[in-house]
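Colleague: Number 69 in full-length UniProt numbering belongs to position 69 of the sequence shown; there are no gaps in the numbering.
Below: one structure in structure tokens.
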Amino acid sequence: MIKTGGFDAVCFTSSSTVRNLVGIAGKPHARTIIACIGPKTAETAAEFGLRVDVQPETAAVGPLVDALAEHAARLRAEGALPPPRKKSRRR
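Given below as structure tokens:
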């Protein structure tokens with residue numbers, strides 16, 4: 001699902017999460033927003049050929065979430081991101 005664009009965004013909180021996700025599920029689809037918590041994680045993502053779209057100034061979860069939300073809002077305002085989808089009720 002990650003390779004087909006089933007996720008709007010992926011947040012990486014460490015270099016090991018980059019290695020593990022790519023190793024297990026493959027690289028995220030090109031349209032998936034890639035958010036990295038800090039410079040070391042972003043460097044690892046780049047080494048795996050991922051385009052890093054979001055990196056907060058402060059390497060912490062709160063700023064990562066805020067930066068991702070701001071990025072998505074900016075893309076949505078520019079018309080480059082579709083509106084949020086309703087959650088599926090399938091189980």
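C-beta: ideal position from N, C-alpha, C; glycine also.
Here the structure is a predicted model, which is why all the values come from computation and not from measurement.
Any idea what DSSP makes of Ile34, helix, strand or coil?
Modeller: strand
Colleague: Can you tell me which of Ala46, Leu75, Arg74 puts its alpha carbon nearest to the alpha carbon of Val22?
Modeller: Ala46
Colleague: May I ask you to report which of helix, strand or coil DSSP gives Val65?
Modeller: Val65: helix per DSSP, three-state reduction.
Colleague: Return the first residue and the last residue of the alpha helix (DSSP H) that Val18 is part of.
Modeller: 15 to 25
Colleague: Check this for me: beta carbons of Leu64 and Ile33, under 9 Å apart or not?
Modeller: No, these two residues do not count as a Cβ contact at 9 Å.
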